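Numbering (this note's numbering), first residue to last: 1222 to 1529.
The C-beta atom is built at its ideal place from N, Cα and C for all residues, glycine as well.
Remember, it's a predicted structure, so these values are computed and weren't measured experimentally.
So the structure is just underneath, and the comments pick up after that.
Here it is as structure tokens:
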């Protein structure tokens, strides 16, 4: 594994966030150093993992992707994010990409991935690892003086903070690193503090701003508003409300229907279909409670993540 020359500079704080119900003790600006450290560390680990695979172009990671394909996917996201924070950088060279990004929902992300992968043809793992390292370094440099709470336009017309982009890219590295490690028989620790950034800093902050058309999938809506609270040892408890196809952050003290208590790393793997909800619940990685937990399936029918 590559050792960072500036380890102290990029070390993420591992202390859990303890907070009162409903409080938001961290925001994009507060957690910006953590997000930058996490994406740097996850990138170095991901690159080392890819390089450890003897046959990356032929080792299947999923039904459709090899190790090299997976590296291309992660690299394409990193390049896109550089283009969002550095006006001098072009997005990935994919015809029709801008329109496809605007139309994407959680159920059509796989189609977007097919489009991107069709036009990005490099599969040499050494080249991909070098490009990924250079791209993330560029992302860190270009954003060094950026307001992490500033908002950019993301998939489906959603509004995501710059800090949220870092949290999302970290999650991509962790989850797809888990895929590669599983296929290659390698260990792949997923630090809880790094994993926690995804739901808290990316997803919930996106809901605070605007989730665009991401959940406009045509799924049947619950018959009544459903309030679901999320909490972990690393994040503040936050309650979301799904009503008429829109997801919002509820003010503190809002009565809840269901509560989801989670361990961030395994929770993220569950969200993206790597482990089943049953497995997560049986292992107590996810604990479901609250006065009306039977309303949660209707909520999750609408509010879910892609499985790719």
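If you draw a straight line from the alpha carbon of residue 1448 to that of residue 1518, how long is it in whole angstroms?
12 Å
How far does the alpha helix (DSSP H) with residue 1403 in it reach, from first residue to last?
Taken as a continuous stretch (DSSP letters only), the alpha helix (DSSP H) holding residue 1403 covers 1383 to 1405.
What would DSSP say about residue 1371, mapped onto helix, strand or coil?
Looking at residue 1371 - three-state DSSP - the assignment turns out to be coil, as it is neither helix nor strand.
Have a look at residue 1408 and residue 1402 and give me their C-alpha separation to the nearest angstrom.
Linking residue 1408 to residue 1402 through their CA atoms gives a straight-line distance of about 6 Å.
May I have a chain-ordered list of the alpha helix (DSSP H) segments no shorter than 4 residues that lie completely inside the region 1433 to 1490?
none
Relative to the C-alpha of residue 1284, which residue among 1368, 1464 and 1400 is closest?
1400
Where are the alpha helix (DSSP H) runs, 4 residues long or more, that stay fully inside the region 1491 to 1526, in chain order?
1498 to 1503 and 1517 to 1523
Tell me which same chain residues have a C-beta within less than 6 Å of the C-beta of residue 1245, skipping the five on either side of it?
Residue placement at residue 1245 cannot be trusted, given a pLDDT of 36 that sits under 50; what the coordinates show is reported in the next sentence. The answer, listed in chain order, is 1457.
Using beta-carbon positions only, say whether residue 1313 and residue 1297 come within less than 7 Å of one another.
yes
State the Cα-Cα distance for the pair residue 1303 and residue 1310, rounded to the nearest angstrom.
7 Å
Which of the three DSSP states, helix, strand or coil, is assigned to residue 1307?
coil
What's the gap between the Cα of residue 1515 and the Cα of residue 1509?
10 Å
Exposed or buried, residue 1474, counting other C-beta atoms within 10 Å across all chains shown (16 or more means buried)?
Under a 10 Å Cβ-count criterion, residue 1474 is classified as exposed, with fewer than 16 other Cβ atoms of the shown protein chains found around its own Cβ.
Between which two residues does the alpha helix (DSSP H) carrying residue 1317 extend?
No alpha helix (DSSP H) holds residue 1317; DSSP gives it neither H nor E.
With 16 as the cutoff for other CB atoms within 10 Å, does residue 1406 come out buried or exposed?
exposed
Bridge partners of residue 1289, per DSSP?
Answer is none; residue 1289 lacks a bridge partner.
Check whether the Cβ atoms of residue 1417 and residue 1256 lie closer than 7 Å to each other.
no
Excluding sequence positions up to five away, which residues of its chain have a Cβ less than 8 Å from the Cβ of residue 1349?
1271, 1289, 1292, 1293, 1296 and 1343
If you follow the alpha helix (DSSP H) that residue 1253 is part of, which residue opens it and which one closes it?
1253 to 1272
Does the structure place the region 1485 to 1495 close enough to the region 1415 to 1430 that three or more beta carbon pairs sit under 8 Å?
yes
Using the Cβ count rule (16 or more neighbours within 10 Å means buried), how would you classify residue 1426?
Buried is the call here.
Once DSSP output is grouped into helix, strand and coil, what is the label at residue 1411?
coil
Following the continuous alpha helix (DSSP H) through residue 1429, name the residue where it begins and the one where it ends.
1426 to 1430
Please look up how many angstroms separate the CB atoms of residue 1468 and residue 1432, rounded, as I've assumed it's under 8 Å.
6 Å
Just the C-alpha distance for residue 1497 and residue 1355, rounded to the nearest angstrom, thanks.
35 Å
For residue 1386, which of 1378, 1377 and 1369 has the nearest alpha-carbon?
1369
For residue 1287, which residues from the same chain have a beta carbon less than 8 Å from its beta carbon, with the 5 sequence-adjacent residues on both sides left out?
Hits under 8 Å: 1277, 1278, 1279, 1280, 1281 and 1344.
Would you kindly report the start and end of the unbroken alpha helix (DSSP H) that includes residue 1281?
Neither: residue 1281 is in no alpha helix (DSSP H) and is coded neither H nor E.
So is residue 1502 buried or exposed if we call it buried at 16+ other beta carbons inside 10 Å?
exposed
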